[in-house]
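Contents: one structure, followed by commentary.
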Amino acid sequence: MSTEPPDGGTLSNLLKEDRRFEPPAELAEHANLKQEAYERAASDREAFWAEQAERLSWDQTWDRVLDWDDPPFAKWFVGGRLNASYNCVDRHVEAGRGDKVAFHFVGEPVGDTRDITYAELKDLVSQAANALTDLGVQTGDRVAIYMPMIPEAVVAMLACARIGAPHTVVFGGFSSDALASRLEDCQAKVVVTADGGYRRGSASALKPAVDEAVVKAAELGHTVDKVLVVRRTGQDVTWNDDLDVWWHDAVESASTEHAPEAFDSEHPLYVMYTSGTTGKPKGILHTTGGYLTGAAYTHWAVFDLKPDDVYWCTADIGWVTGHSYIVYGPLANGVTQVLYEGTPDSPERGRWWDVIEQHGVTLFYTAPTAIRSFMKQGREIPDQRDLSSLRLLGSVGEPINPEAYVWYRHVIGGDRTPVVDTWWQTETGMIMISPLPGVTHGKPGSAMIPIPGIAADVVDDDGKSVPDGSGGYLVLTEPWPAMLRTIWGDDERYKDTYWSRYPATEDRGAWYFAGDGAKKDTDGDLWVLGRVDDVMNVSGHRLSTTEIESALVSHPKVAEAAVVGAKDEDTGPAVCAFVILRDEAGDGGADIVEELRNHVRKQIGPIAKPRQIMIVPELPKTRSGKIMRRLLKDVAEHREVGDVTTLADSSVMDLISQGVDSGKDEA
Ligand code: WTA
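Per our numbering, numbering of the sequence shown is gapless, rising by one per residue and ending at 963.
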């Protein structure tokens, strides 16, 4: 595995951070979790997790909390049976809260809003479950969901959970190629989609990408049975009577009665694809009982959830944050939340703050990349709105730089609100490292310490815990309920990626290797610094350098490509590519850079489109042929190029510099 040591240079900056924000007294006094929870969880972890599982409704309780007899394959709440959709919907209605609003849906077109109560949600989910069954979906079949942020997306997910058909939600910004490979990898029987959704003020089509993906999946040898289509924008769609079914025909005519069946605690709930260090995305498998326990517990504890809260998470349901903190955690907790379809600046830049003001949002969860873009626009925009309903702010997806943290707390939170910087991953399924808002003081830039029930450490190459004030690799040292169970169809890759780096020794079990570098400051608090492998985190989205390189190399004019993430104020790392053209392509033509950028966009999706492509004559390689991305990063970040002594040919960097200087680079 290629790992580079976490950037040593940042430590001195971090140590200068001495701002502290104490929990508000009122919040601390009534906090859901207090200091004692840390000790209680540490003294008997399994008892602590059993207590958290009790917040769900089980048809049958478990015989055993954790089976870790065959690591790294965990089983949680063994023998227990439950239905995730029942837990997210029906039980709230049965408890007399059917009239409570589950979603304030806010479409991007101004005025396009719709409130959905828990009772209504139960009817919708039941209808969709009946419709999927009528389309031939059976327990265990996979269903792909490729949708805009509309209520039907959540309904589709819950309907799948209800009938025990694992869903795989593919982000609507992914291309038809990306969708096709996921359809093939998990052998999806049905695709749920929409004609389109509203983004940046206009209707943006989705169905054409599904049409293409179905054809491409067939070329890969997989046939999709049915495509269920929500009419959202009213755009023209190409229709295939053998394949396509309108949602309003199939779902709205279905019965609102549907008895949820209880499934085994380890029944697969969903597969979420995420980038790994190779070109092939990994299908992260989450199962039912442990995942739902973890999502519900963390949503309650980290956001200090109270019955009257109005919660808003701005993530897309195409990412794990949308799964755990829009769908499963919040709904299991019976919360009222905002679901917003569009972009933050449509029709104008104050849109998000308008939504907060209009709905009296109390808990707000977003990503640093969004916060930084608001900072850039200036505080005048949020200052024009009344944001006094907010009582807690959350951040997720990438390290939040201290200045963004302080701005967020000050300008958006009016200096009242704690900020919880939550570290977790698609693989962890739930928040792992975060302050507890009623207990932990806030320290800008630090995710602080593992939440009660979670065990993590920062270790060196040999697995020795590093002392306070030093950096190393982030590991999770005990299994946790929402942990991934495997990579779909690839147990070997699961073992190899996460568990081979720190295998069990005589004194301890195996540790989970997160792929992130981290530091402990002099107080012992954790600072997550970012990926140490060939995975980038651009605007909070995970991309693999190899995946983008493969996309570039698939272009007929490209011979070789190397991709790095270069620092960018707005997006965190930005995608920078170095490309060697094939001889027969000559200089590639005047538009070569734009041509290649669009090619990547088409292959993977707009988020992967390189900010910069540099056409170079050579790439720096070690004697064993490994590309030295560190040196390319120096070039991309306009730094003096570092140590070149391990290069097979040390003149290569001069050639690259010449290539870059000859005007082929595009900023
Ligand atoms: C990064 C998103 C620092 C990290 C939930 C991790 C963070 C990757 C934080 C997972 C944070 C996420 N501070 N880094 N608070 N949260 N990350 O799978 O590199 O899309 O490994 O899950 O995002 O990204 P993923």
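Don't be surprised by glycine CBs; every beta carbon is placed ideally from N, CA and C. Please read these numbers as outputs of a predicted model, since none were measured by experiment.
Going by DSSP, what residue range makes up the alpha helix (DSSP H) through residue i?
| i | result |
| --- | --- |
| G586 | 585-598 |
| T409 | That residue, T409, is in no alpha helix (DSSP H); its beta strand (DSSP E) goes 409-413. |
| Q348 | 341-349 |
| Q654 | 647-655 |
| L454 | 447-459 |
| D895 | Residue identity check: residue 895 is His in the sequence provided, not Asp. First-last of the alpha helix (DSSP H) with H895: 888-899. |
| A321 | 321-325 |
| L601 | Unbroken run through L601: none, as it is neither H nor E. |
| K905 | Element bounds for K905: n/a, residue is neither H nor E. |
Check for me: the beta strand (DSSP E) holding residue i runs from which residue to which?
| i | result |
| --- | --- |
| N383 | Element bounds for N383: n/a, residue is neither H nor E. |
| F401 | 397-402 |
| V715 | 715-718 |
| P626 | Careful: P626 lies outside any beta strand (DSSP E), inside the alpha helix (DSSP H) at 625-628. |
| D753 | 752-755 |
| Y790 | Careful: Y790 lies outside any beta strand (DSSP E), inside the alpha helix (DSSP H) at 787-790. |
| L915 | Element bounds for L915: n/a, residue is neither H nor E. |
| L772 | 767-772 |
| L565 | 564-570 |
| S465 | Looking at the sequence shown, residue 465 is not Ser but Val. Start and end: 463-465. |
What does DSSP give as the partner residues of residue i in its beta bridges?
| i | result |
| --- | --- |
| G613 | Reading the sequence as shown, one finds Ile at residue 613 and not Gly. Partner(s): none; I613 has no beta bridge. |
| V486 | V439, K522 |
| M910 | F874 |
| W372 | L362 |
| Q356 | R377 |
| R495 | S498 |
| P746 | I729 |
| K578 | T570 |
| P869 | K863 |
| G738 | F317 |
| I923 | K917 |
| I783 | I580 |
| W608 | V634, F660 |
| L943 | T918 |
Should residue i be labelled buried (16 or more other beta-carbon atoms within 10 Å of its own) or exposed?
| i | result |
| --- | --- |
| G725 | buried |
| N426 | buried |
| P295 | Any property of residue 295 remains undetermined from this structure, which presents the chain solely from 297 to 963. |
| Q899 | buried |
| H706 | exposed |
| K418 | buried |
| S761 | exposed |
| P763 | exposed |
| P733 | buried |
| S298 | Caution is warranted here: a pLDDT of 37 is assigned to S298, below 50, making its placement in the model unreliable, and the coordinate value is therefore given only provisionally. Counting Cβ neighbours within 10 Å, S298 comes out exposed, since fewer than 16 surround it. |
| N894 | exposed |
| R647 | buried |
| V511 | exposed |
| E694 | buried |
| S730 | buried |
| Q633 | buried |
| K672 | exposed |
| G492 | buried |
| K815 | buried |
| L311 | Because L311 carries a pLDDT of 49, less than 50, the predicted location of this residue cannot be relied on, and the following value inherits that uncertainty. Exposed, since its Cβ has fewer than 16 Cβ neighbours within 10 Å. |
| N536 | exposed |
| R316 | exposed |
| Q348 | buried |
| Q680 | exposed |
| A963 | In this prediction, A963 scores a pLDDT of 31, lower than 50, which makes its location untrustworthy; the coordinate-derived value is nonetheless stated afterwards. Per the 10 Å Cβ criterion, exposed. |
| G820 | exposed |
| P319 | buried |
Would a check of beta-carbon distances place residue i closer than 8 Å to chain D?
| i | result |
| --- | --- |
| Q899 | Of the chains in the structure shown, none is chain D; there is only one protein chain. |
Flag residue i as yes when its Cβ comes closer than 7 Å to any non-hydrogen atom of the ligand ADP, and as no otherwise.
| i | result |
| --- | --- |
| A743 | In the structure on display, the ligand ADP does not appear, and the ligands it does have are the ligand WTA. |
Stretch-stretch touch, CB-based, cutoff 8 Å, three pairs: the region 684-695 with the region 775-789: no
In chain order, each alpha helix (DSSP H) run of at least 4 residues that lies wholly inside the region 794-863: 841-849
The region 505-525 in contact with the region 427-437 per 3-pair CB rule at 8 Å: yes
Stretch-stretch touch, CB-based, cutoff 8 Å, three pairs: the region 546-564 with the region 734-744: no
Those runs of the alpha helix (DSSP H) which lie wholly inside the region 509-560 and span at least 4 residues: 543-546
Meets three-Cβ-pair contact criterion under 8 Å: the region 900-911 and the region 871-884: yes
Stretch pair the region 626-641 + the region 396-406: three plus CB contacts closer than 8 Å: yes
Every unbroken alpha helix (DSSP H) within the region 633-697, with a cutoff of 4 residues, ordered by chain: 647-655, 664-673, 676-679
Touching by the beta-carbon criterion (3+ pairs, under 8 Å), the region 622-633 and the region 595-602: yes
The region 576-593 / the region 537-545 touching (three or more Cβ pairs under 8 Å): no
Sufficient close CB pairs (3 or more, under 8 Å) joining the region 375-395 to the region 447-466: yes
Contact between the region 461-477 and the region 496-515 (3+ Cβ pairs under 8 Å): yes
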